[in-house]
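Working notes for the structure below.
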Amino acid sequence: MAACHLPIASTRQGDSAMWVDHSGLGCNGKVCRFQNILTATGETSYANRIVSCSSHVGGNQYLQRTILSKNVEDTQLRCRRNATKVFALKPPREPVPLETGQEPDVGSSDEKATKEAEEKKVIKVEKKGLLGQIQNFFAWIGAWPNIPQKEEFVQIPKDFQDIYVIWDGWGTSLCWWGNFVGGLPKEDFDYVVDLLFDPRKGLGMNIVRYNIGGGADLTIDTNLRPFGDVPGFKAGPNEPYDWTADKRQRAVLFAARDKGANIFEAFNNSPPPWMTFSGSVTGNWKNGQDNLNPKYYEAFADYLTEVVLKYKEWGIQFDTLAPFNEPCEGWWYIDRNKPQQEGCNFSTKSMDKVIPIVKKYLVKKNLPTRLSAFDAWTFNTIRAMRGISEESMEAIDQLNVHTYIFFVNREDDAKRRETNRNIAAKGKKLWMSEYGPLNWNGDEHEVALGVAKHITLDINDLHPSAWCYWQALEGPGSLWGLLQTPLVYGASPISVDLKKQFFVMMHFSRWIRQGFKVYRNEGLRDFLVTAVDPLGTTVIVVFTNTSDTNKDVEYDLSVLAPRLKDSPIHVAPFRTSRTENHAALPVLNYEEPILDIRSLAKSVTTLVISPLQNDQKDLFDLSSR
């Protein structure tokens, strides 16, 4: 197949685009487009260019990526006729790190660069049919030297309605950290709240799970974890409600609302001590034993709904009420040898009795709050669903699931899918209401990558409409928490450590917002999350690469977002790696919605893909990101 070699003059790094009409010059009426694309790190010694030839007749297309030294003043572009395969040249080597004092070998001539490029050709999948006639544009999102490359193909379903869920949002439970942060000086308080709930300064979480405390008897519960003694509102069966209690956690709840949080769930870890068998909010004396005395079932339901009613008067409408927390896991019991937390075991039989009573009190008090359950691990959620009556199942409006320690093996993935099938069969809304890096090993970056992959698998296998981290802020010295700070008062300003998990969470929570449609991926379900805004104008892609290999992923958006077909689009990439924290990479401009994404080994990359004239301009104003 003959090739034409046409000189292009003065190709400086930084030129946005150049069009050359090859008609009558031996290229059979083709037009070549010459365009900048993202460089490896944003400051490499090479300019990366795209060359594409589109025939005026027949629509056959060919794309070749060339590598140009920044010092090259002119080069040649090659066009081939009637080609249907797409070729991509791997990106150039990175510059040698500055501390070595060496410069990269960029070659001494165009001929050498061309020869090296030809040796690196990788033949990609041959495209057929209509989508094969759509011009490909390649976004090479970073590449480190001497790291193997792997190519993947993601096929988006042709059915535009093939979505998992309409997204409710991202959130966290308050509980202990809210009980601490609410007592900080205003400057420190505002800083933490901004990091978690402000959509521009932080993660933009919009879901807050408020803990209705049991109010521990500290003469019995002498070894609760720091700030784990969440105050209750009623000290005995004949005592009045004390609505001045729990000021600190309440302050965080209201501040989160003021920052934009708009979905609120009230949840309970333990009944007040006077309702329990043991007098302790940490459980009964033996693991697996119920701790709520049946004679207080009605009082327990009345207590929870009275708190919900009071908050409604204060201006917080709880969307859901969760009366249980990991009720059938079997680990709530009094243990004097370790720091403890509130918890209460409920057998399936006892939950079957409590659920209709709580529902009755919600209706009795004319509360619009819906009932959620069971806040159990996936396999125990299925067991609980099978063990309760149809009356109780009907009373539950939302099923909350915890997914700790998953993605260890395919059996865990199967549990997610089975849980989803069981919940979907009942027609219930599903939340992943609690997660933390339990039983994780590795350094901080490895754990953060694990969180990203965990989120991805939860979305693609479990299909929740919300995803909530457990305690967003923890004390130092563990792998838990998006933020860490010493849980002591007196030091101001406090020192807050933004963990890698915080920045990984940002890849999801800042960009996949409430109301977005989360789409099914026909490939790479372990690594890829795709969402589209309600107007269908902005696509969010989050790609997690936990491997030691760079991954090149061909991603077709043409059937997912039809409105992108007729408008130029921009791609704003953000990346977290060992050396980057949600770092903004150079913005790319394209005219066709087909991308080839290179994801660095051990990294998370988010692509914000939207029309240049964005209907969601305020939400996606990149200047504040």
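In terms of full-length UniProt numbering, the numbers along the sequence shown are unbroken and rise by one, the last being 625.
Where a beta carbon is used, it is the ideal one built from N, C-alpha and C, also for glycine.
Can you pull the DSSP bridge partners for residue i?
i	result
I166	K517
R575	A583 and T605
G171	I207 and C468
A235	The partner list for A235 (beta bridge, DSSP) is empty, contrary to what the question assumes.
Y191	Bridge partners of Y191: none, in fact.
T530	Y519 and V541
Y333	N284
I512	Answer is none; I512 lacks a bridge partner.
H570	N589 and S610
Can you list, in chain order, the residues of its chain with a C-beta nearer than 7 Å to that of residue i? Leave out the 5 residues immediately preceding and following it.
i	result
P185	S492
E298	I357
Q514	W167, D168, G169 and N206
D217	P273 and G279
S495	T485
T369	V308, F318, D319, T320, L321 and L362
Give the straight-line distance between the Cα atoms of residue i and residue j, rounded to the nearest whole angstrom.
i	j	result
F233	F379	33 Å
G183	A425	45 Å
I388	V363	21 Å
I207	W177	16 Å
I355	G260	31 Å
I609	S599	16 Å
V518	E474	30 Å
H445	L585	20 Å
W511	I540	7 Å
R421	E329	21 Å
T456	G171	16 Å
T320	T549	43 Å
E580	K602	11 Å
D458	P464	7 Å
C27	V587	With a pLDDT of 32 at C27, under the threshold of 50, the predicted position of this residue should be treated as unreliable, though the coordinate-derived value follows. For C27 and V587, the distance between alpha carbons rounds to 32 Å.
G315	L557	42 Å
P199	A256	11 Å
V193	V252	7 Å
W467	N211	17 Å
F189	F527	35 Å
V106	D596	At V106, the pLDDT of 26 sits below 50, so the modelled position is not reliable; the number obtained from the coordinates is stated separately. For V106 and D596, the distance between alpha carbons rounds to 25 Å.
Give the secondary structure of residue i by DSSP, where H, G and I count as helix, E and B as strand, and everything else as coil.
i	result
F502	helix
T544	strand
R49	Note that R49 scores a pLDDT of 30, beneath 50, so its modelled location is shaky; the value from the coordinates is reported in the next line. Three-state DSSP puts R49 in a strand.
D497	strand
G101	Low local confidence applies: a pLDDT of 28 at G101 is under 50, so the model's placement there is unreliable, with the coordinate-based value given in what follows. G101 falls in the coil class under three-state DSSP.
G58	Here the model assigns G58 a pLDDT of 28, short of 50, so the residue's position is not dependable and the matter cannot be decided.
R421	helix
P339	coil
T320	strand
A376	strand
N366	coil
H402	strand
N614	Its pLDDT being 42, under 50, N614 is placed unreliably by the model, and the measurement read from it follows with that caveat. Reduced to three states, the DSSP call for N614 is coil.
Q484	strand
A414	helix
D290	strand
W431	strand
Whose CA, out of the options, lies closest to the CA of residue i?
i	options	result
S372	A266, Y296, D168 and S547	A266
D258	L196, A531, L498 and K247	L196
M351	K312, R336 and E391	E391
T381	T419, H507 and I597	T419
K500	G481, I494 and C344	G481
V504	I334, E151 and V604	V604
F516	L304, T530, E313 and W431	T530
W331	L607, F318, F346 and D556	F346
N325	V193, A376, R520 and P464	A376
Q289	G343, Q317, A255 and P237	G343
N293	K353, S509 and R336	K353
T606	D596, T576 and L595	T576
S433	H402, K365 and F508	H402
M393	R525, K429, P368 and D413	K429
N366	K349, E313 and N400	E313
L449	F502, R386 and R209	F502
Identify, in the order they occur along the chain, each residue of the same chain with its Cβ nearer than 6 Å to the Cβ of residue i, setting aside the five sequence neighbours on each side.
i	result
A301	I357, V358 and Y361
D229	A216
When every heavy atom of the ligand GTP is checked, does at least one fall within less than 6 Å of the C-beta of residue i?
i	result
T537	With respect to the ligand GTP, the structure shown offers nothing to examine, as it has no ligands at all.
With a threshold of 8 Å on Cβ separation, who are the neighbours of residue i within its own chain once the five nearest residues in sequence on each side are excluded?
i	result
A235	G215, D242, P272 and W274
P476	Q484, T485, P486 and D497
R569	Just to set this straight, residue 569 is Ile in the shown sequence, not Arg. N589, Y590, E591, P593, I609, S610, P611 and L612.
D162	Y519 and R520
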